[in-house]
């Protein structure tokens, strides 16, 4: 996995002592920090972040970004451990289908012809380990109709 200084900066201030009663708010905060780190990571690599937490009737895309190759719909998964598997493994078939539908709606809403715009479905996995060191992995073109695994 790739270490990103931005990722470690975002997670460096995380309070390690979380009580069980605050686990829901902790998960929300962890997810927000993961999305912040992912957006910074993408920006540093030349992506134009067009939207964060973009919502439509089909669901919510964590990040919509563009680069010279086309549009990227990005799911961000952040975890504190591998106990329940790696973060990217949490993106199941149902979630993938939602992203494909969200992309169709996004393009349609903006009058963009699907045949004239390359669309990619990516996953950014962030695993926060000991001492709040975070490791980020960018799974480009992770799923979709024409993905290359």
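Residue numbers (UniProt numbering): 1 to 149. Even for Gly, the Cβ is constructed at its ideal location relative to N, Cα and C. Given the structure is predicted, the values throughout are model-derived calculations rather than measurements.
Contact defined as beta carbons within less than 8 Å: I believe residue i pairs with residue j. What is the distance between those atoms, to the nearest angstrom?
i: residue 73; j: residue 61; result: 5 Å
i: residue 67; j: residue 47; result: 5 Å
Nearest to residue i by CA position, among the options, is which residue?
i: residue 130; options: 112, 137 and 82; result: 82
i: residue 109; options: 86, 55, 85 and 80; result: 55
i: residue 37; options: 144, 134, 93 and 142; result: 134
i: residue 84; options: 144, 39, 127 and 40; result: 127
i: residue 121; options: 79, 86 and 69; result: 69
i: residue 53; options: 23, 125, 43 and 102; result: 102
i: residue 119; options: 23, 125, 143 and 137; result: 143
i: residue 35; options: 136, 132 and 24; result: 136
How long is the line joining the alpha carbons of residue i and residue j, rounded to whole angstroms?
i: residue 45; j: residue 65; result: 11 Å
i: residue 33; j: residue 113; result: 34 Å
i: residue 51; j: residue 92; result: 23 Å
i: residue 138; j: residue 125; result: 7 Å
i: residue 39; j: residue 90; result: 20 Å
i: residue 29; j: residue 75; result: 16 Å
i: residue 104; j: residue 116; result: 13 Å
i: residue 26; j: residue 86; result: 19 Å
i: residue 97; j: residue 43; result: 26 Å
i: residue 21; j: residue 132; result: Reliability fails at residue 21, whose pLDDT of 41 lies under 50, so the model's placement of it is uncertain and the value that follows must be treated cautiously. Rounded to whole angstroms, residue 21 to residue 132 spans 21 Å at the Cα level.
i: residue 140; j: residue 80; result: 22 Å
i: residue 15; j: residue 24; result: Caution is warranted here: a pLDDT of 45 is assigned to residue 15, below 50, making its placement in the model unreliable, and no coordinate value can be reported.
Verify whether the separation of the beta carbon atoms of residue i and residue j is less than 9 Å.
i: residue 41; j: residue 71; result: no
i: residue 63; j: residue 88; result: no
i: residue 78; j: residue 111; result: no
Would the C-beta of residue i count as close to the ligand HEM, meaning under 8 Å from any of its heavy atoms?
i: residue 27; result: The model on display carries no ligand, and the ligand HEM is accordingly not part of it.
Buried or exposed: where does residue i fall if 16 or more other Cβ atoms within 10 Å of its Cβ makes it buried?
i: residue 94; result: exposed
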